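Enquirer: Supplied in structure tokens, the structure appears directly below.
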Amino acid sequence: MDDRPVIAVPMGDPAGVGPEIVIKAMMNEEVTSKARCLAVGDERILRRALGFPNMPQVKIRTVTDPEEGDYRQGILNVIDLHNLAPEEYEMGKVSGKCGQAAYEYIERAVRLAMDKKAGAVSTAPINKESLRAAGIPYIGHTEIFGALTGTADPLTIFEVRNMRVFFLTRHMSLRNACDAITKERIVDYVIRSQKVLRQLGVEDGVMAIAGLNPHSGEHGLFGDEEVTAVYPAVEQLKAMGYQVEGPIGADSVFHLALQGRYNSVMSLYHDQGHIATKTLDFYRTISITGGMPILRTSVDHGTAFDVAGTGRASSISMEEAILVGAKYAPGFRD
24 MDDRPVIAVP
34 MGDPAGVGPE
44 IVIKAMMNEE
54 VTSKARCLAV
64 GDERILRRAL
74 GFPNMPQVKI
84 RTVTDPEEGD
94 YRQGILNVID
104 LHNLAPEEYE
114 MGKVSGKCGQ
124 AAYEYIERAV
134 RLAMDKKAGA
144 VSTAPINKES
154 LRAAGIPYIG
164 HTEIFGALTG
174 TADPLTIFEV
184 RNMRVFFLTR
194 HMSLRNACDA
204 ITKERIVDYV
214 IRSQKVLRQL
224 GVEDGVMAIA
234 GLNPHSGEHG
244 LFGDEEVTAV
254 YPAVEQLKAM
264 GYQVEGPIGA
274 DSVFHLALQG
284 RYNSVMSLYH
294 DQGHIATKTL
304 DFYRTISITG
314 GMPILRTSVD
324 HGTAFDVAGT
334 GRASSISMEE
344 AILVGAKYAP
354 GFRD
């Protein structure tokens, strides 16, 4: 019996590096040894990508169901939606047709996971402008997955090496993010984050709440967000039985988590966590979308239109996204 989990891999925006890195990643021997990868896309576009420089030797096998796949090394299994011909778009250019096709790849991959035919979905990059040009009413992957799975507010987690980072706020200005740091928001996010950790099979350990201000504000000397929001939230959470500490100075908390003191860190704003993880290892920082009935992992880079079609795109992040999906899929709880 083959106990490798099936990972559905929608190939992303056809005009970007998605098709190229999906092929490269799915041909990686470590990936093949740990996952049964199933691309979701268009066979014609994948064949076009095989013509780029520095591409591996691949045998493409089209299937309609994961059970039909041949998951041996060198074989690329694909569910072919046949929804976009290569001559209908230009590499490296925003296109509504590409945005529509990319959305349809995601939609089919999500359906496979919702039907328990795939243990996780690992996504290649899509382009926000192409989605908008197609009239897709979502700004990105997280919003699409939330809508397709009926999840009101999915959580974003970054994982790199043995460090996990949650985000209290994400796509808002720094000024607005500071205003959004409230006791109530922290309590809500920690409770939901703990549920996500349990979904991933992480039962033990302490979550750290990062400080916002220098030295966590020095008890109000450098700002009062820690005094008015973080400390009260931590006290309430501890009284409720949650294993949480904070605020921990942002200049040390990520290092401590990397050393194993904390099972995760709650970053208070977007760049706080992004800088810490991507400086540590840019290509192996993987995004996990939590709180949904399915597991989704993703590269954390864009469509790279400037190198699309050249064969120069690195597949490291795509490989790592699949490996993280394969790591958590067997124990994932919906």
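Counting along the sequence shown from 1, when you hit position 232 you're at 255 in our numbering, and nothing is skipped either side.
Ideal Cβ placement from N, Cα and C applies to all residues, glycine included.
Owing to the predicted nature of the structure, the values given are computational and were not obtained by experimental measurement.
Any heavy atom of the ligand FAD closer than 7 angstroms to the Cβ of Leu-260?
Expert: The model on display carries no ligand, and the ligand FAD is accordingly not part of it.
Enquirer: For Ile-162, I'd like the list of residues in its chain whose CB is within less than 7 angstroms of its CB, leaving aside the five on either flank, ordered along the chain.
Expert: The residues are Lys-151.
Enquirer: Check whether the Cβ atoms of Pro-33 and Arg-59 lie closer than 8 angstroms to each other.
Expert: No, Cβ-Cβ distance for Pro-33 and Arg-59 is not below 8 angstroms.
Enquirer: Considering only the beta carbon of each residue, do Tyr-112 and Ala-38 sit closer than 8 angstroms?
Expert: It is a contact, given that the beta carbons lie within the stated cut-off.
Enquirer: Near Tyr-94, what residues of its chain come up, given a Cβ to Cβ distance below 6 angstroms and the 5 sequence neighbours on each side ignored?
Expert: Arg-59, listed in sequence order.
Enquirer: Can you have a look at Leu-244 and say buried or exposed, based on whether 16 or more other CB atoms are within 10 angstroms of its CB?
Expert: Counting Cβ neighbours within 10 Å, Leu-244 comes out exposed, since fewer than 16 surround it.
Enquirer: What are the start and end residues of the beta strand (DSSP E) that includes Val-63?
Expert: Here the beta strand (DSSP E) through Val-63 covers 59-64.
Enquirer: When you compare the CB positions of Gly-234 and Glu-249, do they come within less than 8 angstroms of one another, or not?
Expert: The answer is yes: Cβ separation under 8 angstroms.
Enquirer: If we count the other Cβ atoms within 10 Å of its Cβ and call it buried at 16 or more, is Met-24 buried or exposed?
Expert: Burial call: exposed.
Enquirer: In terms of DSSP beta bridges, what is Phe-189 paired with?
Expert: Beta-bridge pairing links Phe-189 to Ile-180 and Met-289.
Enquirer: According to DSSP, which residues form a beta bridge with Arg-319?
Expert: According to DSSP, Arg-319 bridges with Val-144 and Thr-312.
Enquirer: Return the chain-ordered list of same chain residues with a C-beta closer than 6 angstroms to the C-beta of Thr-205, the five sequence neighbours on each side being excluded.
Expert: Closer than 6 angstroms at Cβ, skipping near neighbours: Ala-252.
Enquirer: Should Asn-77 go down as buried or exposed, given a rule of 16 or more other Cβ atoms within 10 Å for buried?
Expert: By the 10 Å Cβ count, Asn-77 comes out exposed.
Enquirer: For Arg-319, count neighbouring C-beta atoms within 10 Å of its own C-beta (all shown protein chains included) and say buried if the count is 16 or more, exposed if not.
Expert: Flag for Arg-319 reads buried.
Enquirer: Could you check if Met-195 is buried or exposed, using at least 16 other CB atoms within 10 Å of its CB as the buried criterion?
Expert: So Met-195 ends up on the exposed side.
Enquirer: Tyr-306 to Glu-342, Cα distance in whole Å?
Expert: Tyr-306 and Glu-342: Cα-Cα distance of roughly 10 angstroms.
Enquirer: Leu-99 bridges to which residues according to DSSP?
Expert: In DSSP, Leu-99 forms a bridge with Ile-83.
Enquirer: When the Cα of Lys-82 is compared with those of Ile-98, Cys-121 and Ala-62, which residue comes out closest?
Expert: Of the listed residues, the one whose Cα sits closest to Lys-82 is Ile-98.
Enquirer: Only counting the same chain, and skipping five residues up and downstream in sequence, which positions put a Cβ closer than 8 angstroms to that of Val-86?
Expert: Around Val-86: Leu-61, Gly-92, Asn-100, Val-101 and Ile-102.
Enquirer: How far does the alpha helix (DSSP H) with Ala-349 in it extend, from its first residue to its last?
Expert: Run containing Ala-349: 339-351, per the alpha helix (DSSP H) assignment.
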